[in-house]
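Reading through the C-alpha cells given below for one structure.
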C-alpha cells in the first residue's frame, strides 16, 4: 500500500491543480493588462520588428539547447548582455517616447482606450480624399498626404504638429493652402483621422526615379519604401495627382484612379486580416520602382528612362 501511495505521489502530483485565490486572480489580471499594453506599444513603434527578431532568437536558442549545441549556446550566452545594451541604445527614442506618453495620459483614459481594428480608412474618408485631390489639382496646390497602414509611423508623426481631427475635405484644403503655417511637409492619416501635419519624411535614394520629380515625390516614394503606407501626392507645378506605395509611383491619376488605389488599399488590408485569422499567409508583391501613367505609351517611356 505504501508503494502505491509513493508511486501516485511521485508521478501524479502534477495532476492536482491549485485553485487560485482572489489575490492570484488580481495579479494575473494586472500582469495581463501590462503585457497587453506593452505588446500594443511595441506594435505601434519600430520596436515591433525588434520584438519579432527577439522571438526568433529565443526559438533558435531553444532549438540549440534541445540538441545540445554547446558552442552556439556559449556564443549566445556571451552575446546576451551586449545585446541588451545595444537594444537600449538603438531604441532609446522609442523607450523614451513610450514613457513620456505614459506620463502624459490619464490612467483611466489609458486603460479604457480602445485598441479595436477599424481598418485603414473608411469609404467616407476615401470620398474626402478624392474630393480634396480634385480641388488641389485644379488649383495647382502642392500636397503630401500619407495614409498609415499596418506599419506604425509614430516616429514620423512626432516630427509634425499634432492635429487629431476627422478627415474632411475642408480641413485638408485649409492645411495645404499657400502661406498657412501647416502647408509645408506631409499630413499623416491614421484610421480616418488626421493625426499630424508638417511632418518630415525620408527621401528616396533610388537613382532610377525620374529626374523631373521633385522633393515632394521623392518623399512620397521614400516613406513607401520603409513602410506599407500609401501616399497621395499633388504636384504644385503641374497639378498632377500621383500615388506612392511599396516603392512604386503611379502618376497622372484621375479621380477614379485615386479612388481605385485607396479602395485597393482597404481590400488588401482586409485580405491580410482574414488570412491571418484563417492561418493562411498571403503572397507578398515583389518590391520595385515603377513610374506609371494613364497613357500606356508614357509608361513605356518611363521604363526606358529608368534603364
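Residue numbers (our numbering): 62 to 368.
Backbone N, C-alpha and C define an ideal beta-carbon position, used for all residues, glycine too.
A quick note: this is a predicted structure, and the numbers were derived from the prediction, not measured.
Check                                                                                                                        : Outcome
Under 8 Å between C-beta atoms of residue 227 and residue 250                                                                : no
Residue 118 versus residue 306 - alpha carbon distance                                                                       : 31 Å
Beta-carbon proximity of residue 212 to residue 289, cut-off 8 Å                                                             : yes
Assumed close pair residue 194, residue 84 - CB separation to whole angstroms, cut-off 8 Å                                   : Residue 194 to residue 84, Cβ: 58 Å. No contact.
Three-way DSSP call (helix, strand, coil) for residue 251 in this model                                                      : strand
Beta-carbon proximity list for residue 47, same chain, < 8 Å, skipping 5 on both sides                                       : Past the boundaries of the shown model lies residue 47; the chain is included only from 62 to 368, so the question cannot be answered.
Where the alpha helix (DSSP H) through residue 208 begins and ends                                                           : Run containing residue 208: none in the alpha helix (DSSP H); it sits in the beta strand (DSSP E), 204-208.
Sequence-distant residues of its chain with Cβ nearer than 6 Å to residue 323 (five each side left out)                      : 187
Opening and closing residue of the alpha helix (DSSP H) in which residue 295 lies                                            : Here residue 295 belongs to no alpha helix (DSSP H); instead the beta strand (DSSP E) covers 291-295.
Span of the alpha helix (DSSP H) around residue 142                                                                          : 131-151
Neighbourhood of residue 134 by C-beta distance below 8 Å, restricted to the same chain and skipping five residues each side : 122, 125, 126
Buried or exposed (CB count within 10 angstroms, at least 16 for buried), residue 345                                        : For residue 345, the predicted structure reports a pLDDT of 44, less than 50, and the residue's modelled location is therefore unreliable. A value from the coordinates is still provided. By the 10 Å Cβ count, residue 345 comes out exposed.
Residue 90 burial status per 10 Å Cβ neighbour count (16 or more: buried)                                                    : exposed
Cβ neighbours of residue 97 in the same chain (closer than 7 Å, five flanking residues each side left out)                   : none
Residue 147 burial status per 10 Å Cβ neighbour count (16 or more: buried)                                                   : exposed
Helix, strand or coil at residue 224 according to DSSP, with G and I counted as helix                                        : strand
Distance, residue 232 Cα to residue 279 Cα                                                                                   : 25 Å
Presumed contact (8 Å Cβ cut-off) between residue 224 and residue 199, rounded CB distance                                   : Not a contact, Cβ separation roughly 24 Å.
Residue 310 classed as buried or exposed, judged by whether at least 16 other C-beta atoms fall within 10 angstroms          : buried
Within 8 Å, strictly: CB atoms of residue 287 and residue 304                                                                : no
Where the alpha helix (DSSP H) containing residue 303 begins and where it ends                                               : That residue, residue 303, is in no alpha helix (DSSP H); its beta strand (DSSP E) goes 302-306.
Euclidean distance between Cα positions of residue 313 and residue 267                                                       : 20 Å
Supposed close pair residue 281, residue 299 - CB separation, criterion 8 Å                                                  : Not really, about 15 Å apart at Cβ, beyond 8 Å.
Reduced DSSP secondary structure (H/G/I, E/B, other) of residue 257                                                          : strand
Of the listed residues 254, 189, 285, 197, nearest to residue 265 (C-alpha basis)                                            : 285
Exposed unless 16 or more other CB atoms sit within 10 angstroms - verdict on residue 277                                    : buried
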